[in-house]
Amino acid sequence: MNDLKFALRQLRKSPAFTLIAVLTLALGIGLNTAIFSLINDLFLRGLPFKEPQRLVHMYSNARERNLLELAISVPRFEHYRDSQTIFDGFGAENVSAFRLTGLGDAVQVLGGQVTSNYFDVLGVRPIRGRNFLPEEEKTADVAMVTENFWRKRLGGDPNAIGRGITLNGMPHTIVGVLPNLPFSWVGPGAEVWTTKPFEIAGISYERIMRGSGVLRVVGRLKPGMTLEQARAALPPLEQSYRARYPDKIDSSSVMTLKTLAEDTTGNLRPAFVILLTAVGFVLLIACSNVANLLLVRFSGRRREIALRMAIGASRRGVVRLFIFESLLVSVIAGIAGALLAWYVVPIVPKMASNFLPFDPDTRVELSLGVLGFTIVMSILTGVVMAIYPALQTSRADLVGALKEGGRGTSGSAQQLRFRKFLIGAQVALSVTLLAGAALLITSFVRLSQQSIGYRADNLWIGFVTLPQARYPDDASRERFAEQTLAALRNAPGIESATMCADIPLIPAGSSNTLYARPESEILPIDKRAAAAFHNVAPDYFKTWGIPLLAGRDFNEHDVAGGQNVILISQSGAKKIFGNESPIGKTLLVGSDSTPAEIVGIVGDVRTRKIAEPDDVELYRPWAQQSFSFLSIDVRSNLSVDAVTKLVRSALATVDPGLAVALPQSMSAIVAQAVGQTRLMMWLLGIFAGVALLLASIGIYGAVAYTVEQRTGEIGVRMALGAQTRDVLQLVVKQGMKPVLSGLALGIIATFALGRLIAAQLYQVSAHDPVLLGGATVLLAATALMACLLPARRATHVNPIQALRTE
Amino acid sequence: MIKLRNLERRYPLAKEKFFYVLRDINIDIQEGEFISIMGPSGAGKSTLLHILGMHDHGWRGEYFFRETAVHHLKTKERATLRNEQIGFVFQQYHLLDDLTVYENLDIPLSYRRYSKSERAALVADTLDRFQIVGKKDLYPRQLSGGQQQLVGVARAIIAEPKLLLADEPTGNLHSGQGEEIMELFRKLNDEGMTIIQVTHSEKNASYGKRTIQLRDGWITKREQ
């Protein structure tokens, strides 16, 4: 207790040291706490399902077509459900949107059509009512809603079970209320689930059964079954499927399994490993700065230590005293760091747009677990920082120190080496962080400047689901498109409008089609090449700003029942036809090998991923093929809200029961698509900035201290003839020596860590010499400045004064 | 060689009030002289030495060094003149702890931009002349006080200055070692070097040819 009191008094006596040490450490601890908090929420907390580690997501992969992690086809799901022996439960969801009517204005709600056992497989128990029953799977119009839906749309009605709601124009009976499901699994705003998972509005049963992927399939591993065992059990199932269904699109596909945890956050892991490493570096830099300060501070108290030991203190007692002092600093810093993290944590998801799987309605904040982490980290930091300085300084030469009086702050050669090591380490860590930030900033700039082939500005996107009963076929959907687009074209402020069946920049929201050249060998459909496929209404290319490079756009003659026509992307034309002109040539498209004539070539676009182009893109007119789920695309200078109002009005004139979902600007969608890179850039940029600041403070402090220590020596040198430049050279050379070693080490580390960051980069090498060189030069220049300030002061040493103090 | 006229050194105390360390100093020193400056503590001996050595620039009056009007020179020009003409010996030796004897001798030459080969030759000559070749790789802490001051003197004269200034050169040595250093000074003086030393010791002063007594910043006595 006395030690603690003494430590507190010592800190109060040197407010400048206390403030610098606390702020430095608070930055390190705060940033670590913030990142750990995000990691805790994303990776450690787990999904709120029963035994989530037993849940796996099954994907279909057509590797020869470079189509990975696709949904599972209905025939394959049914085949596996009947044959598998590895799962306790095997369920599926067909992710859908519903038009909800009868509860105020018509709205579009998200959710899915699921197998009756789906929520049992996940281990989700309804908070009211029950789960679906097996006999309800294929025919019953029943629904389960989330707690949010129940409270918001049904006013928390205690008699909700058994109550009817109208989805897509069909009455459904609510049989259960589910707890709100995790955003990371169901996505934004999912509220309603029905059965009949193998029905898709507008697509015939026969077509569904051809083997296109439509289902999100989950399995609950049998108790004791490992993921590896489950994976090993898949090939026999694949073989039996292939043998039974040789003519399905997916008969050659290979299945893979991912745990739900890996599935929901696996793509974020590499990014967070980098961030955790980066904040770890920041903490190490902060610790080494404070350790350096402690070493100087403790060394300056040699006489006090010698006195304590002379009157009976043990070395252990002295070490304990110093550790208390350091602990006190780190605990205060921990509190300040937790406050910093409390402020920073909620900002991060906002910086990431919607790229992190956090529910926008749920506030992301520090948990008790995270605070525990901060406390442990603070204590560890305090002990680790103090242990070497305390042990070093407590090796007091009693007689020497007492003779020296209070003057001695020189420190041994060993301490000097340790301080140089700390500076070198700080520089190495900082240059690694700076290089990482430089790579990510360049990457983000390149990704942002990537030509995407269309104009995202002033482009409005909204989604509509057409009820099957009213729009059962291509003709009715074509009529809907004609009327809606005509109404929109007449609306004030709208430049052009169109429709298509895509959800842009969401890979899972786009569709593929098989294609083959009729004049060459036609492969069976499970081996046939696939292309990105778009069903587009008139004015699509005009609205999106995609250039028509050759041939013609779709026109009023391209109608259902007429000659099937398609447009092809420039790269696609080159890939399939080489230098031949594709105009007038025919491709067999789709699983039914529909012959379609190529009538035009359009520019390449990036509608699925900004970072990766699709090598072949095919476009088919809406009149010849359409779907119930569609996006309305509007080019207008008006605000998003204004366009939304106009679109709603236009829809109301055509079909008052239709609703628009997720209205937003295409620029926002593009910004969201680069969200991960932007988040990484910002965070690593901030960490690198903090590292640079801390390292320069560290270098400045070390050099300033050395200059102070060597005032006498500098005076002697000046008396012996040293001039300003000699003194500058002396101080800068000594200050920069560990910096240069640190830079060399940092460059090596950057090369070694290149692999870690490579996956986050776009069109920039992890070993880009210009960027690495730039980071090194920036740090070297900052370090030089940090050295020059005390060096300048050294040149003003008055030799007479210095010789006297010496 | 040296002519000081009406030289004074003062420090401001309050408005228009000064504390005088040296007042109305008028001295003439010829080449080859060996002068001892004596006086009680606070008399201004060391200050005078630092002014002569061109470390201190805050004085008023006239100072001619070998016909050069030092009082008209800029700081940098004074530093150049000092480097070319003056060597220093300090009471506490002021050897650089982290450098060997060889490196300590090399330091003044490096500041005077001698070439590497010239430096090596001069250091070798000096080590030889002071018979400390065997100590060249030792650090100051490995030498006795007398040996350290020997190195201090060697370092002061290695660049062949015309004037050697010594501030209590034997102050930290026992009498035997002190005598050796004073004999060395006498020898250097005999070889033509002008020496000015500050000392408290009558015995050491007797090695000089002339003594200047200072008290409270005034010259009180000049003895031949």
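In order, the protein sequence lines correspond to chains W and Y. In this text, residue positions in the first sequence follow the working numbering: the first is -16, and each later residue adds one. In this text, residue positions in the second sequence follow the working numbering: the first is 3, and each later residue adds one. Cβ coordinates follow ideal geometry from the N, Cα and C atoms, glycine included.
**Report entry** Amino acids of chain Y, ordered along the chain, whose beta-carbon sits closer than 7 Å to that of A702 of chain W
**Finding:** H57 and F90
**Report entry** Endpoints, alpha helix (DSSP H) assigned at G695 of chain W
**Finding:** T694 to A702
**Report entry** Given 8 Å, three or more beta-carbon pairs between the stretch 678 to 685 of chain W and the stretch 112 to 131 of chain W
**Finding:** no
Query raised in the report: What residues from chain W crowd round R114 of chain Y, counting only those whose CB sits closer than 9 Å?
Result: G704
Requested in this report: For V588 of chain W, name the three-state secondary structure that DSSP assigns.
Outcome: coil
Query raised in the report: Buried or exposed: E461 of chain W, going by 16 or more other Cβ atoms within 10 Å of its Cβ?
Result: buried
Query raised in the report: Quick one, which of W:F734, W:I581 and W:Q553 has its alpha-carbon nearest P596 of chain W's?
Result: W:Q553
Report task. Please classify P206 of chain W: is it buried, with 16 or more other beta-carbons within 10 angstroms of its beta-carbon, or exposed? Result -> exposed
Query raised in the report: For T448 of chain W, does the three-state DSSP call read helix, strand or coil?
Result: strand
Query - Spatial distance of S187 of chain W from P455 of chain W (CA atoms) - result: 10 Å
**Report entry** Contact belief for I362 of chain W with S309 of chain W at Cβ below 8 Å, rounded distance in angstroms
**Finding:** Not quite, the Cβ-Cβ distance comes to about 10 Å (not below 8 Å), so this is no contact.
Query - Unbroken alpha helix (DSSP H) run spanning W168 of chain W, endpoints - result: F166 to V169
Query - Minimum C-alpha distance to M41 of chain W - residue among W:Y101, W:L86, W:S(-3) and W:V200 - result: W:V200
Report task. Can you have a look at A742 of chain W and say buried or exposed, based on whether 16 or more other CB atoms are within 10 angstroms of its CB? Result -> exposed
**Report entry** Backbone secondary structure at P141 of chain W - three-state DSSP
**Finding:** coil
Query raised in the report: In the DSSP assignment, what are the bridge partners of L167 of chain Y?
Result: Y:F90 and Y:I198
Query raised in the report: Should S54 of chain W go down as buried or exposed, given a rule of 16 or more other Cβ atoms within 10 Å for buried?
Result: The residue you asked about is not Ser; residue 54 of chain W is Ala in the sequence shown. Its Cβ being crowded by 16 or more others within 10 Å, A54 of chain W is buried.
Report task. Return yes when the Cβ of L550 of chain W is within less than 8 Å of the Cβ of V585 of chain W, no when it is not. Result -> yes
Query - Exposed unless 16 or more other CB atoms sit within 10 angstroms - verdict on E696 of chain W - result: buried
Requested in this report: Starting from A783 of chain W, find everything on chain Y with Cβ-Cβ shorter than 7 Å and list it in chain order.
Outcome: Looking at the sequence itself, residue 783 of chain W is Ile, so the reference to Ala does not match. By Cβ distance, chain Y contributes H52, H57 and D58.
Query - CB contact below 8 Å: L713 of chain W versus chain Y - result: no
Query - G94 of chain W: first and last residue of the uninterrupted beta strand (DSSP E) it sits in - result: V90 to V97
Query raised in the report: Does any C-beta atom of chain Y lie closer than 8 Å to the C-beta of E691 of chain W?
Result: no
Report task. Would you mind sorting A(-10) of chain W into buried or exposed? The rule is 16 or more other CB atoms within 10 Å of its CB. Result -> buried
Query - Interface residues of the stretch 13 to 29 of chain W facing chain Y [CB-CB below 9 Å] - result: none
Report task. Output the distance between the C-alpha atoms of S234 of chain W and G737 of chain W, rounded to the nearest integer angstrom. Result -> 39 Å
Query raised in the report: With C-beta atoms as the reference, is S377 of chain W less than 8 Å away from V302 of chain W?
Result: yes
Query raised in the report: Is there at least one Cβ from chain W nearer than 8 Å to L98 of chain Y's Cβ?
Result: yes
Report task. Tell whether a beta-carbon distance below 8 Å holds between G640 of chain W and R82 of chain W. Result -> yes
Query raised in the report: Going by the beta-carbon positions, is the gap between S223 of chain W and N44 of chain W smaller than 8 Å?
Result: no
Query raised in the report: Would you call the stretch 317 to 325 of chain W and the stretch 4 to 14 of chain W touching, i.e. three or more CB-CB distances under 8 Å?
Result: yes
Query raised in the report: Does the separation of the CB atoms of L186 of chain Y and I197 of chain Y fall below 8 Å?
Result: no
Query - Identity of the residue in Y:L140, Y:E162 and Y:G148 nearest E120 of chain Y by Cα - result: Y:E162
Query raised in the report: In or out: R(-5) of chain W buried (at least 16 other Cβ within 10 Å) or exposed?
Result: exposed
Query raised in the report: In three-state terms, what does DSSP make of H813 of chain W?
Result: The structure shown does not extend to residue 813 of chain W, since chain W is modelled only from -16 through 789, so no value can be given for it.
Query raised in the report: Distance, Cα to Cα, K205 of chain Y vs Y22 of chain Y?
Result: 29 Å
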